[in-house]
Amino acid sequence: MRLVNHLIQSSIKRHFVFLAMGAGCSSTSSAVTSSNSLQATSTAIATAPARMYSTDKPAFSVEVCKESEIGDGSPGMKQVKFGEFPVLVGRTADADRRLFAIGGKCPHFGLPLAGGQIAGQRLRCPFHGACFNLVSGDIEESPGMDCLPTFKVSVRASDQMVLVEGTPPADGKFVVQRPLAGYQPEFASEHFVIVGGGPAAAAAADSLRQEGYRGKLTVLSADSVPPFDRTKLSKSMASEPVLLRTAEHYAQHDIELMLESRVESVDPAQRTVEFHSKNGRVVLPYTKLLVCSGSSARQL
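Heads up: the sequence shown runs through residues 1102 to 1401, numbered per this note's numbering.
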């Protein structure tokens, strides 16, 4: 997710960015960049929604352990109960040694994070490798699209008890989605097109809206279904449970998802992308283009 965000910010200064990730679309174009900057897109993305993912409405605090029971990094991380909600407490493995309290289950599959590895201020899930920021709860590497809840944590000076403060979710959910912006007509001249139908395309679309992009946003995918989590295919054959985001999610946040649309070429000079869909040949203009179409595996 951090790589996707970096490339999206790069695309503000360029009008063609190539990301060799994802799946579901093919493009015959090569990676072309331009030194021209489109100031309008920078304006369209300037005011991002507040990055608040934590359950930070104080309701009560819980004594979870003594400070001596936790330490730095993975060896010092401890799973505790905040109500009925599993929470991990510990200190980051960097010079800051920041105290953290974060949801104890991975949003990807709901598996425990207690056996995960900490590097600096990041926690990696021991099962499928999703990586989270221990301070913000933000997901920084896939698989998965959602963040972890974070809680206020402190050490009481009188007896060195670690206190976790906040409101645990009544339904036991451990998934936090960052707020997303939507389309606004005053930015109708801005059109960000994403080529690809895999996790990178889905993450890029979400990241743009999360960072406050309010122009038009289109995803071109050769697949017949929205982007899905391929790691779940061995566990579920139904399409709905493996979707990274539902079709309703894309509609709600003004992300136009054009399925069964196979990209054939890109004209960077004219800023157009040509693709074939059920309606035939279409030439679509863009102001910014992100290509994350993936690649085909080489046969042995």
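Ideal Cβ placement from N, Cα and C applies to all residues, glycine included.
Computed from a predicted structure; not experimentally measured.
Inter-residue Cα distance where the pair is S1362 and S1394: 12 Å
Quick one: grab the DSSP three-state call for S1366. strand
Cβ contact check for the segment 1277 to 1287 and the segment 1305 to 1313: 3 or more pairs under 8 Å: yes
Below 8 Å on the Cβ atoms is my guess for V1188 versus F1252; work out the distance and round it to an integer in Å. 6 Å
When you compare only the Cα positions, how much space is there between D1260 and R1346? 46 Å
Just the C-alpha distance for F1233 and G1205, rounded to the nearest angstrom, thanks. 11 Å
Do you know offhand how far S1397's Cα is from E1349's? 29 Å
Taking the alpha carbon of F1183 as the reference point, which residue from I1171, V1165, M1359, G1174 has its own alpha carbon closest? V1165
Below 6 Å CB to CB, which residues in the same chain sit around D1355 once its five sequence neighbours on both sides are set aside? G1283, Y1284
Proximity to I1219 [Cα-Cα], best of V1277, S1175, L1391, G1191: S1175
Who are the near neighbours of A1202 in its chain, counting only those whose CB is closer than 6 Å to its CB and skipping five residues on each side? V1188, V1190, F1252, V1254, V1265
Looking only at its own chain, which residues have a Cβ that is under 6 Å from the Cβ of M1246, when we skip the five neighbours before and after it? L1345
Apply the 10 Å Cβ neighbour rule to P1286 and answer buried if 16 or more other Cβ atoms are within range, or exposed otherwise. exposed
Whole-Å CB distance - R1225 paired with L1235, under 8 Å assumed: About 11 Å separates the two Cβ atoms, so there is no contact after all.
F1376 beta carbon less than 8 Å from that of V1392: no
Whole-Å CB distance - L1321 paired with V1294, under 8 Å assumed: 7 Å
How many Å lie between F1210 and A1370 at the Cα? 44 Å
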